[in-house]
Amino acid sequence: MALSITSRDQFEVYRFNPVVAIAVPLLAIFVQAYLPLKLSFFNIFDLPLLVTIFFAVARRNPITGLLTGMIIGLLQDSLTHSFLGLYGISKTVVGFAASSLGVKIDVENPGSRLLMATGFYLVQKVVYYMVARGMARMDLQLDLPHALGAAVANGFLAIVLFSLLDKTKQRS
Amino acid sequence: MPPEYGSSAEGFFARHRNSVVLAAALFVQIVGLAAQVKAPVDPRHPESGSARLLRVWTVSLLSPFERAMVSTGHWLRGFWSGYVDLRSVREENRRLHEENQQLKIQQALWNQDASQAHRLQALLDFKQHFIHQTVAAQVIGSSGTETSRVLYLDRGSRDGVKPDMAVITPDGIVGKVSRAFANTSQVLMITDSTSGVGGLLESSRLHGIVRGTARGDVSLRYIMQEETLQKGERVLTSGGDRIFPKGLQVGTITDIARGGDGFYSLTLSPAANLNRLEEVLIVTQIANDNLTADTNEAPERAAEMLAKRLPTVRKSPESEPKAVAAPLEKKKPATPAARNLAEPKGGSTQQQVKQTSPEKIEEQPVR
Chain D
1419 MALSITSRDQ FEVYRFNPVV AIAVPLLAIF VQAYLPLKLS FFNIFDLPLL
1469 VTIFFAVARR NPITGLLTGM IIGLLQDSLT HSFLGLYGIS KTVVGFAASS
1519 LGVKIDVENP GSRLLMATGF YLVQKVVYYM VARGMARMDL QLDLPHALGA
1569 AVANGFLAIV LFSLLDKTKQ RS
Chain G
22 MPPEYGSSAE GFFARHRNSV VLAAALFVQI VGLAAQVKAP VDPRHPESGS
72 ARLLRVWTVS LLSPFERAMV STGHWLRGFW SGYVDLRSVR EENRRLHEEN
122 QQLKIQQALW NQDASQAHRL QALLDFKQHF IHQTVAAQVI GSSGTETSRV
172 LYLDRGSRDG VKPDMAVITP DGIVGKVSRA FANTSQVLMI TDSTSGVGGL
222 LESSRLHGIV RGTARGDVSL RYIMQEETLQ KGERVLTSGG DRIFPKGLQV
272 GTITDIARGG DGFYSLTLSP AANLNRLEEV LIVTQIANDN LTADTNEAPE
322 RAAEMLAKRL PTVRKSPESE PKAVAAPLEK KKPATPAARN LAEPKGGSTQ
372 QQVKQTSPEK IEEQPVR
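As you go down the protein sequences, you meet chains D and G in turn.
Using my numbering, the first residue of the first sequence is number 1419, and each one after it goes up by one.
Using my numbering, the first residue of the second sequence is number 22, and each one after it goes up by one.
Below you can see the structure in the form of structure tokens.
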């Protein structure tokens, strides 16, 4: 696994067809809402998060990345019973961080994708719990072993998902 | 060569554009979140907040696809089972002929039982019709997150669904309607950490509150540690929450732990299979008798218990009328929730009730 630190010029910056840019996040949210009804374990995955990371890293633009994260997070919030903004804030942070990271390191190989998705899952979890407990006064508990397991599972799913989504990339 | 900026503010924004946009995006969301926390629209639903529009848009956007997926799934299942049936129809036909012969013999025996069953069924239908009015609904989606355990149903306010209606299956309760949109409704499951249901232990008649946990389990709280419990005991709805009809199955106790607060920490296995829900019933109307049974009893018992503790003039045995025993006997099935409320620490009323029913003590296991 190689995490090479290089200048921004050495990395490709990708863009996406507008249909893809809209349809893929919506499809991710739809699948995330529907599949747990059939496969209850699917709840541990966070497809909207992985899609946020993918678009943020591919575009390598922090502003686009954070806006993508914010929109996806708010849509995800609107399906929950909780306050709007919990996932919005956490995915905004992830989108910004992922695109900033994409500028600095090579995130194209499976190893780095595994580490990146695992790490950002935990970042999102921590930000979510901090905001939920600190601002919304929600009685949540961070189950660390469960979160670590879910993070690794999301990391492996990211390898598969990102390789599929690579086909939608267009060179900028 | 570095770019030249017209003013220092412009230069600052140009240099820190990413950070400024990030701060702005977070600020807007934090303000929005704070507004929801501080000013809930409906005091009964403090989490519902004021941003209903985005929820309506998202649900309206996704629910047609979810309905289509559910319908397609049913069609495919029907198509496949039809295909399989067709292949095996010849074999099935031969087997049915044999079964038919046997069934004719059994039919004569069952005719007698059937007439009785019809009568009982008619009674049951009558009772169900007048106790609850329900709407059948299909589960079409979920929140897809572990932090918010909600379901989406294909029935909404146009079908008479309103917030705070109970959602059940024949096996047990599922949750309550938290939001009703036009054609869709959101159900807060009993496994969600913000949910709460009045619970009642079936055999000991102790009252508690059924709550979800962060891990998606169901627990029963506020049962005092001086009570005797056993694993496998069933938990029913108490009706005290005025949402769920009394006596519906909630689950069974699978784990008993003692908390540091003087209460048990009881883990339940839900009676309904909450991981595989397809069709549910929304209770749109409950008979008042069903709900108020407990609430009517409580004040009377509380007053009587208080009267017992007041100093009274001791009467001679012969002067005590025997009729007094009757109302005391009537209090035997008194629910311990009222006892917990009236005397949360002492538990003397508990002992009084146990003294009146020694056979109950013998049945219970040693703690």
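The C-beta atom is built at its ideal place from N, Cα and C for all residues, glycine as well.
Note that the structure is predicted; figures quoted are calculated from it, not measured.
Assign residue i to one of three DSSP states: helix, strand, or coil.
i	result
residue 1478(D)	coil
residue 93(G)	helix
residue 290(G)	strand
residue 1452(D)	helix
residue 1434(D)	strand
residue 111(G)	helix
residue 268(G)	coil
residue 154(G)	strand
residue 187(G)	strand
residue 206(G)	strand
residue 1489(D)	helix
residue 226(G)	coil
residue 1576(D)	helix
residue 1507(D)	helix
residue 1568(D)	helix
residue 181(G)	coil
residue 1458(D)	helix
residue 201(G)	strand
With a cut-off of 8 angstroms, does the C-beta of residue i fall near any C-beta of chain D?
i	result
residue 111(G)	no
residue 29(G)	no
residue 239(G)	no
residue 230(G)	no
residue 205(G)	no
residue 264(G)	no
residue 114(G)	no
residue 98(G)	no
residue 90(G)	yes
residue 291(G)	no
residue 86(G)	yes
residue 159(G)	no
Please report how far the alpha carbon of residue i lies from the alpha carbon of residue j, in whole angstroms.
i	j	result
residue 251(G)	residue 1557(D)	29 angstroms
residue 1474(D)	residue 103(G)	47 angstroms
residue 258(G)	residue 264(G)	10 angstroms
residue 278(G)	residue 295(G)	24 angstroms
residue 1525(D)	residue 1439(D)	20 angstroms
residue 1592(D)	residue 231(G)	No answer is possible for residue 1592(D): it lies beyond the span of chain D, which begins at 1419 and ends at 1590.
residue 215(G)	residue 209(G)	9 angstroms
residue 292(G)	residue 304(G)	17 angstroms
residue 254(G)	residue 1563(D)	31 angstroms
residue 56(G)	residue 142(G)	53 angstroms
residue 1502(D)	residue 1448(D)	18 angstroms
residue 1472(D)	residue 95(G)	34 angstroms
residue 284(G)	residue 1529(D)	48 angstroms
residue 290(G)	residue 274(G)	6 angstroms
residue 1491(D)	residue 193(G)	33 angstroms
residue 219(G)	residue 1585(D)	52 angstroms
residue 1546(D)	residue 235(G)	14 angstroms
residue 98(G)	residue 91(G)	11 angstroms
residue 127(G)	residue 82(G)	54 angstroms
With distances taken from CA atoms, which of the options is nearest residue i?
i	options	result
residue 280(G)	243(G), 233(G) and 40(G)	243(G)
residue 197(G)	1577(D), 1499(D) and 1465(D)	1499(D)
residue 261(G)	50(G), 76(G), 188(G) and 228(G)	228(G)
residue 161(G)	1454(D), 1443(D) and 1506(D)	1454(D)
residue 306(G)	286(G), 266(G), 122(G) and 121(G)	266(G)
residue 49(G)	1489(D), 1478(D), 1479(D) and 1458(D)	1489(D)
residue 73(G)	1476(D), 1495(D) and 1550(D)	1495(D)
Cβ of residue i less than 8 angstroms from any chain G Cβ?
i	result
residue 1554(D)	yes
residue 1572(D)	no
residue 1448(D)	yes
residue 1501(D)	yes
residue 1494(D)	yes
residue 1435(D)	no
residue 1559(D)	yes
residue 1535(D)	no
residue 1520(D)	no
residue 1506(D)	yes
residue 1488(D)	yes
Look up residue i in the DSSP assignment and give the residues it is bridged to.
i	result
residue 279(G)	285(G)
residue 245(G)	284(G)
residue 300(G)	159(G)
residue 1588(D)	1433(D)
residue 255(G)	273(G)
residue 217(G)	232(G)
What residues of chain A sit near residue i, judged by a beta carbon separation below 7 angstroms?
i	result
residue 277(G)	The structure shown contains no chain A; its protein chains are D and G.
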